[in-house]
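Visitor:
Chains as they are written, first to last, in this note's numbering: chain X, 1050 to 1305; chain A, 1309 to 1562.
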């Protein structure tokens, strides 16, 4: 109660002012730290040099080629892992026996560190894009399967009976009844799944690859080009948070 | 038979049996040469490699190393996560300004900053702990704020009528009321920290269990690599289950 009252009291202008003040303080502190010489040179590079690196990065062509490579890997991973996760989730959610038999497997494998499978993926799918796609697919399978299964169980029984009484075929049941009815759960699963697919794919790229954003980051690290690394991380964070927010919009009612 | 299969334990046994059968099928397929044994080692070899990994690779010591990193990260999480959450609750203007930022941070791939942490903290346990801490911070802050904000007004008024000082009000009224939510946040943060700690160990080839997998893979000791991966899966399942139970137990005790 008190909190909501407090929030409405805080006028939007004051909130904006506080935000500007926080950002400005952080930037000034950063710049002061960069110029103080307390840390090794370039660990905290001056803002101007990060800005220049960002401009150079966005203007250069190789950035887009690598961004495209990573985006393609993540996209294919999402299609493979997402469809597999959706299918597994629908099966587990629809069938109580299968759920009792196998769901604990999915549930427990979900929160394991996926990157440790990378050596295995390299052996199975090679050192190229294949192993990165596999990492992304394995990562996003679990959250999507778990959300789809729980979404499936929350579907109103009446809807399912309507579909049955119209003698809908199994595929029609999936596309006309199940998926529309569990939209929120699926979108949330995809959102979580995309987040971990980005992490899985890019971490794999930093470990062993010759292209992609992860490769650029680790290359900037090994040549100690810190401004470039900051620029890459900024771009990556903006992209990841932006995509997440965009998918999140899909669950809000006004998007319907 | 059918009725037994339909029961909960029956289905669980069925799931376990079919999984075991699938593994046995892989063993046969490898033995007849349908699967390349230099890519997938025999499941029986993997099983046989586990004792070797335990003894020769100092598995328990490595497990302990990883656990220590997790413990440090969780202490940092509890202190700073709950602290920042309390701060955001205390100064509402700060909460209004920052809460969406923290939520956005929760969606950011923080672990990809590990090269940056390497530069700052060196290739050391500190880097690993800090990554685990950074990866788990957002849920702890968000859940702390949520719990504190949901404290019933009656309880706050009781505190006021006893003329509690702000510190007493926080320690005796707000924090106890928020604890269930705080525990949910800590559990999430802890699981994120564990995942990222093992992952970074693997990536920077330093520390406990993650490094073990990296080393075995680089030696191309396939059965041991698979065995170590199995062990890490098992360890994280136990960790996950322990965190869930601890959270449930603490919430009940509350």
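All residues carry an ideal CB built from backbone N, CA and C; glycine is no exception. Since this is a predicted model, take the numbers as computed values, not measurements.
#1: I'd like to know if residue 1425 of chain A contacts chain X, where contact means its C-beta is closer than 8 Å to some C-beta of that chain.
#2: Between residue 1543 of chain A and the rest of its own chain, which residues show a CB-CB distance below 6 Å, the 5 nearest in sequence each way excluded?
#3: Kindly provide the ranges of any beta strand (DSSP E) runs that are 3 or more residues long and lie completely inside the region 1368-1434 of chain A, ordered along the chain.
#4: Quick one: what's got a C-beta closer than 6 Å to residue 1492 of chain A's C-beta in the same chain, skipping five residues either side?
#5: Classify residue 1099 of chain X as helix, strand or coil using the three-state DSSP reduction.
#6: What are the residues of the region 1268-1281 of chain X that lie near chain A, defined by any Cβ-Cβ distance shorter than 8 Å?
#7: Would you mind listing the alpha helix (DSSP H) stretches within the region 1491-1549 of chain A that are 4+ residues and don't spill past its ends, in chain order?
#8: Within its chain, find whatever has a CB closer than 6 Å to the CB of residue 1212 of chain X; leave out the 5 residues flanking it on each side and keep chain order.
#9: Given this structure, state the Cα-to-Cα distance separating residue 1364 of chain A from residue 1528 of chain A, to the nearest angstrom.
#10: Assuming residue 1267 of chain X contacts residue 1255 of chain X under a Cβ cut-off of 8 Å, what Cβ separation, rounded to an integer in Å, is found between them?
#11: Pull up the CB-CB distance for residue 1490 of chain A and residue 1535 of chain A, whole angstroms please, since I reckon it's below 8 Å.
#12: Determine the burial state of residue 1273 of chain X: buried for a count of at least 16 other Cβ atoms within 10 Å of its Cβ, exposed for fewer.
#13: Taking Cβ positions, are residue 1429 of chain A and residue 1438 of chain A nearer each other than 8 Å?
#14: Since residue 1264 of chain X meets chain A, which of its residues come closer than 7 Å, beta carbon to beta carbon?
#15: Please work out which residues of its chain come closer than 8 Å, Cβ to Cβ, to residue 1243 of chain X, disregarding the five sequence neighbours upstream and downstream, and give them in chain order.
#16: Starting from the C-beta of residue 1449 of chain A, find all residues in its chain whose C-beta is less than 6 Å away, skip the five residues before and the five after it, and write them out in chain order.
#17: Looking only at C-alpha atoms, which of A:1347, A:1374, A:1352 and A:1341 sits nearest to residue 1540 of chain A?
#18: Strictly under 8 Å for the Cβ-Cβ distance: is residue 1289 of chain X near chain A by that measure?
#19: Under DSSP, the alpha helix (DSSP H) around residue 1156 of chain X begins and ends at which residues?
#20: Is the separation between the beta-carbon of residue 1201 of chain X and that of residue 1142 of chain X shorter than 8 Å?
#21: Beta-carbon of residue 1176 of chain X versus every beta-carbon of chain A: anything under 8 Å?
#22: At which residues does the alpha helix (DSSP H) containing residue 1326 of chain A begin and terminate?
#23: Find out if the Cβ-Cβ distance for the pair residue 1262 of chain X, residue 1171 of chain X is shorter than 8 Å.
#24: For a quick check, are the C-beta atoms of residue 1193 of chain X and residue 1230 of chain X less than 8 Å apart?
#25: What is the rounded straight-line gap between the Cα of residue 1505 of chain A and the Cα of residue 1523 of chain A?
#26: Within 8 Å of any Cβ in chain X, is that where the Cβ of residue 1417 of chain A sits?
#27: Any contact between the region 1132-1152 of chain X and the region 1311-1324 of chain A? By contact I mean 3 or more CB pairs, one from each, below 8 Å.
Guide: Concretely, from the data shown:
#1: no
#2: none
#3: none
#4: 1451
#5: helix
#6: 1269, 1270, 1273, 1275, 1278 and 1279
#7: 1517-1526
#8: 1222 and 1226
#9: 16 Å
#10: 4 Å
#11: About 38 Å separates the two Cβ atoms, so there is no contact after all.
#12: exposed
#13: yes
#14: Chain A residues near residue 1264 of chain X: none, gap ~12 Å exceeds 7 Å.
#15: 1123, 1127, 1189, 1292, 1293 and 1296
#16: 1389, 1392, 1393 and 1410
#17: A:1374
#18: yes
#19: 1145-1158
#20: yes
#21: no
#22: 1316-1339
#23: no
#24: no
#25: 16 Å
#26: yes
#27: yes
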